[in-house]
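S.K.: Residue numbers (this note's numbering): -15 to 413. Before I ask anything, here is the structure I am working with.
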Amino acid sequence: MQLREKEIKQGQSGRRRRVGVMGGTFDPPHYGHLAAAEAAWEDLDLDEVLFIPAGVPPHKKSEEVSAAHHRLAMVKLAVAGHPHFRVSRMELERPGPHYSVDTIRLLTEAQPGEEFYFIIGSDMAFELPRWYEPRQLVALCRIVVLNRPGYSMDELSCHLAGLFAAHPDHLLMHRVPGVDISSTEVRQRLALGKSARYLLPDAVLAYIKENHLYVNKAAGDGSGMCAAAGAGAGATPLRPPAELRAWLEMRMKPARLAHSERVMKAALQLAAVHDPERDPLVVQTSAILHDVARDLSVTELERIISEAGRSLPAKEWRSPALLHAEAGALLVQKELGINDPEVLGAIRYHTTGRPGMTTLEKIIFLADYIEEGRSFPGVEEVRRLAAVDLDKAVLTALEQSIMYIIKTGRPLHPATLEARHHLLAKVKR
Ligand code: FE
Ligand code: FE
């Protein structure tokens, strides 16, 4: 077998075996994953690429994820026939939560003579400093960041420089042929009964059909979310905003709550134009809850984030203005049992934005920006754009915010810049 020959050759040359590691939910695996693995395998001269389907990914703690046996079966089908791709079930057999650093630690203990190359997309790399024990992870293996359309590799290198200070050679930025497919997109198409042919291997597609996966299920950016939020195992159905009032009044000042109600009104108007299929309850819930943690102190916000097992951002980002978004999402999840990933994402990213925002995230971000109580210079332009073009409106709002933040001398969050880059690549002006 080819792999065996390569191994013997490498044993003779004294070079350590190089193993690429592709973690992920693989719900479902698609050609984006395979093309990335193939490019990394070839360009970095890896001996093999190990696909490791995640148990319950730490950043998706309570989202609805397809059963492990289905995801494992799909990954096996996806890599079948490739002599250098292998599937490991190590994360599926280990009790959670599963952090990448633990996975790599277990791999290096089991195979001490090998060098590990942890392969991630630039969207994930951006979040790397916020992962669990990121420095330990970076010390243990090389991180291969594959470029995805819309991301600036230079900015990403700057963003990650601090994290890799002790091991600069462990950061490998790598350009791959642009296969911009996401599992969310695939699920969305399938949930809508559309074709996903040529997005993933036929064998995987056949498996999905046979097992009725992704039928009326969480589709990420798109419709069908309410069904997902209500029907998923352990998920709590959303409640009408009126029923949340008492809970909100305990935590928010009246003026803030009034702002949230105006955001709700604006968000419903935006959704009616740009996302008409969406269940309005999802929009209302995201809007009314987006600032639930805005009146809490830094100490309280930090406690919420730490208690949820999330690492705190660097000191410079620990202001209520930035922490309230993340803390709000965690609070809503913990106390109201809301697990709808779209609602949580809309709350989590409403302040900074992020690259690859979902439609709901854009709607909440914009509604917060243009609700009728806002009267700063430039808001009218964004209101005008919001009526016709969601992306252009978000892009303009991001650019106005960036200019404003620079002018006031406050630190500019990299997610905001990345969000702008990402949209700029998409929007024709
Ligand atoms: Fe806010
Ligand atoms: Fe707000």
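Think of the CB as a built atom: it goes at the ideal place given N, C-alpha and C, for glycine as much as any other residue. Given the structure is predicted, the values throughout are model-derived calculations rather than measurements.
For ligand 1, any of its heavy atoms closer than 8 Å to the Cβ of residue 287?
M.R.: For the purposes of this step, residue 287 is identified with residue 303 of the sequence shown, where counting begins at 1. Answer for residue 287: no, Cβ out of range of ligand 1.
S.K.: Leaving aside the five residues before and after residue 362 along the sequence, list all residues of the same chain whose C-beta is less than 6 Å from its C-beta, in chain order.
M.R.: The sequence position of residue 362 within the sequence shown is 378, counting from 1. Counting only Cβ-Cβ distances below 6 Å, and skipping sequence neighbours, we find 384.
S.K.: Could you check if residue 309 belongs to the surroundings of ligand 1, using beta carbon to heavy atom distance under 8 Å?
M.R.: As a working note, residue 309 is residue 325 in the sequence shown. Correct: residue 309 has its Cβ closer than 8 Å to ligand 1.
S.K.: In the DSSP assignment, find the unbroken beta strand (DSSP E) run with residue 37 in it and report its ends.
M.R.: Locating residue 37 in the sequence shown gives position 53, counting from the first residue. It spans 32 to 37 - the beta strand (DSSP E) in which residue 37 sits, taken as one unbroken run.
S.K.: Given a threshold of 16 other Cβ atoms within 10 Å of its Cβ, counted over all protein chains shown, does residue 3 qualify as buried or as exposed?
M.R.: Here residue 3 refers to the residue found at position 19 when the sequence shown is read from its first residue. Label assigned to residue 3: buried.
S.K.: Could you tell me which residues DSSP pairs with residue 2 in its beta bridges?
M.R.: By 1-based counting over the sequence shown, the position of residue 2 is 18. Residue 2 pairs with 99.
S.K.: With a threshold of 16 other CB atoms inside 10 Å of the CB of residue 95, please say whether the residue is buried or exposed.
M.R.: For the purposes of this step, residue 95 is identified with residue 111 of the sequence shown, where counting begins at 1. Classification of residue 95: exposed, given that the 10 Å Cβ count is below 16.
S.K.: Would the beta-carbon of residue 140 fall within 9 Å of that of residue 23?
M.R.: Sequence index remark: in the sequence shown, residue 140 carries index 156 (1-based). Sequence index remark: in the sequence shown, residue 23 carries index 39 (1-based). Against a cut-off of 9 Å, the Cβ pair of residue 23 and residue 140 comes out as no contact.
S.K.: Relative to the C-alpha of residue 243, which residue among 358, 280, 301, 231 is closest?
M.R.: Counting from one through the sequence shown, the residue named residue 243 turns up at place 259. It is 358 whose Cα lies nearest to the Cα of residue 243.
S.K.: Let me check one thing: in DSSP terms, what residues is residue 157 bridge-paired to?
M.R.: For this step, residue 157 is matched to residue 173 along the sequence shown. Answer is 129.
S.K.: Reducing DSSP to helix, strand and coil, say where residue 401 ends up.
M.R.: The residue you call residue 401 lines up with position 417 of the sequence shown. Correct three-state label for residue 401: helix.
S.K.: Using 10 angstroms around the beta-carbon of residue 208, count the other beta-carbons present and answer buried if the total reaches 16, otherwise exposed.
M.R.: Counting from one through the sequence shown, the residue named residue 208 turns up at place 224. Note that residue 208 scores a pLDDT of 29, beneath 50, so its modelled location is shaky; the value from the coordinates is reported in the next line. Residue 208 should be labelled buried.
S.K.: Would you say the beta carbon of residue 243 comes nearer than 8 Å to a heavy atom of ligand 2?
M.R.: Translated into positions along the sequence shown, residue 243 becomes position 259. Residue 243 Cβ: within cutoff of ligand 2.
S.K.: Is DSSP giving residue 202 helix, strand or coil here?
M.R.: Within the sequence shown, the letter at position 218 stands for residue 202. Because the pLDDT of residue 202 is 41, which lies under 50, any placement of that residue in the model is unreliable, and the number read from its coordinates should be weighed accordingly. Coil.
S.K.: State the start and end residues of the unbroken alpha helix (DSSP H) segment that holds residue 110.
M.R.: Position 126 of the sequence shown, counting from 1, holds the residue named residue 110. Per DSSP, residue 110 belongs to the alpha helix (DSSP H) from 106 to 111.
S.K.: For residue 246, is the beta carbon positioned less than 8 Å from some heavy atom of ligand 1?
M.R.: Working through the sequence shown from its first residue, we reach residue 246 at position 262. Answer for residue 246: no, Cβ out of range of ligand 1.
S.K.: For the segment 258 to 326, which segments carrying the beta strand (DSSP E) assignment without a break, of at least 3 residues, lie completely within its bounds, in sequence order?
M.R.: Correct list: empty.
S.K.: Nearest CA to the CA of residue 122: which residue from 187, 156, 93?
M.R.: The sequence position of residue 122 within the sequence shown is 138, counting from 1. Cα-wise, what sits closest to residue 122 is 156.
S.K.: Across which residues does DSSP place residue 70 in a beta bridge pair?
M.R.: For the purposes of this step, residue 70 is taken as the residue at position 86 of the sequence shown. In DSSP, residue 70 forms a bridge with 34.
S.K.: Can you find a heavy atom of ligand 2 that lies under 8 Å from the Cβ of residue 334?
M.R.: The residue you call residue 334 lines up with position 350 of the sequence shown. At least one heavy atom of ligand 2 is nearer than 8 Å to the Cβ of residue 334, so yes.
S.K.: Just to confirm, does residue 415 get its C-beta within under 8 Å of one of the non-hydrogen atoms of ligand 1?
M.R.: Since the first residue of the chain shown is -15 and the last is 413, residue 415 is not available in this structure.
S.K.: At a cut-off of 8 Å, is residue 279 close to ligand 1 when judged by its beta-carbon and the heavy atoms of the ligand?
M.R.: Sequence index remark: in the sequence shown, residue 279 carries index 295 (1-based). No.
S.K.: Is there contact between the segment 305 to 316 and the segment 326 to 337, where contact requires at least three CB pairs shorter than 8 Å?
M.R.: Result yes; three or more Cβ-Cβ pairs closer than 8 Å.
S.K.: Is it buried or exposed for residue 293, if we count other Cβ within 10 angstroms and need 16 for buried?
M.R.: Locating residue 293 in the sequence shown gives position 309, counting from the first residue. Residue 293 should be labelled exposed.
S.K.: Count the other CB atoms within 10 Å of the CB of residue 393; is the residue buried (16 or more) or exposed (fewer)?
M.R.: Numbered from its first residue, the sequence shown carries residue 393 at position 409. That one is exposed.
S.K.: In or out: residue 125 buried (at least 16 other Cβ within 10 Å) or exposed?
M.R.: Residue numbering aside, residue 125 sits at position 141 when the sequence shown is read from its first letter. With 16 or more Cβ atoms within 10 Å of its Cβ, residue 125 is classed as buried.
S.K.: With respect to the alpha helix (DSSP H) encompassing residue 354, which residues constitute its N-terminal and C-terminal limits?
M.R.: Counting from 1 along the sequence shown, the entry for residue 354 is found at position 370. Where residue 354 is concerned, the enclosing alpha helix (DSSP H) stretches over 343 to 354.
S.K.: Does the separation of the CB atoms of residue 28 and residue 5 fall below 9 Å?
M.R.: Counting from 1 along the sequence shown, the entry for residue 28 is found at position 44. Counting from 1 along the sequence shown, the entry for residue 5 is found at position 21. Not a contact, by the Cβ cut-off of 9 Å.
S.K.: Go through its chain and collect everything with a Cβ distance to residue 77's Cβ below 7 Å, but skip five positions before and after it.
M.R.: For the purposes of this step, residue 77 is taken as residue 93 along the sequence shown, with counting starting at 1. Nothing meets the Cβ criterion.
S.K.: Just to confirm my understanding: we take residue 183, look at its own chain, exclude 5 residues before and 5 after, and list those with CB closer than 7 Å. What are they?
M.R.: Translated into positions along the sequence shown, residue 183 becomes position 199. For residue 183, where only same-chain residues beyond five positions count, the Cβ hits under 7 Å are 14, 15, 165, 170.
S.K.: Look up residue 181 in the DSSP assignment and give the residues it is bridged to.
M.R.: The sequence position of residue 181 within the sequence shown is 197, counting from 1. Beta-bridge pairing links residue 181 to 184.
S.K.: So residue 271 and residue 348 are in contact, right, with Cβ under 8 Å, and what is the actual spacing, rounded?
M.R.: On the sequence shown, position 287 is the one that residue 271 refers to. On the sequence shown, position 364 is the one that residue 348 refers to. Contact holds; Cβ gap of about 6 Å.
S.K.: Please go through the same chain and pick out, in chain order, the residues whose beta-carbon is closer than 6 Å to the beta-carbon of residue 307, but skip the five residues on each side of it.
M.R.: If you number the sequence shown from 1, residue 307 lands on position 323. Only 285 meet the Cβ criterion.
S.K.: Bridge partners of residue 7, per DSSP?
M.R.: For the purposes of this step, residue 7 is taken as residue 23 along the sequence shown, with counting starting at 1. According to DSSP, residue 7 bridges with 36.
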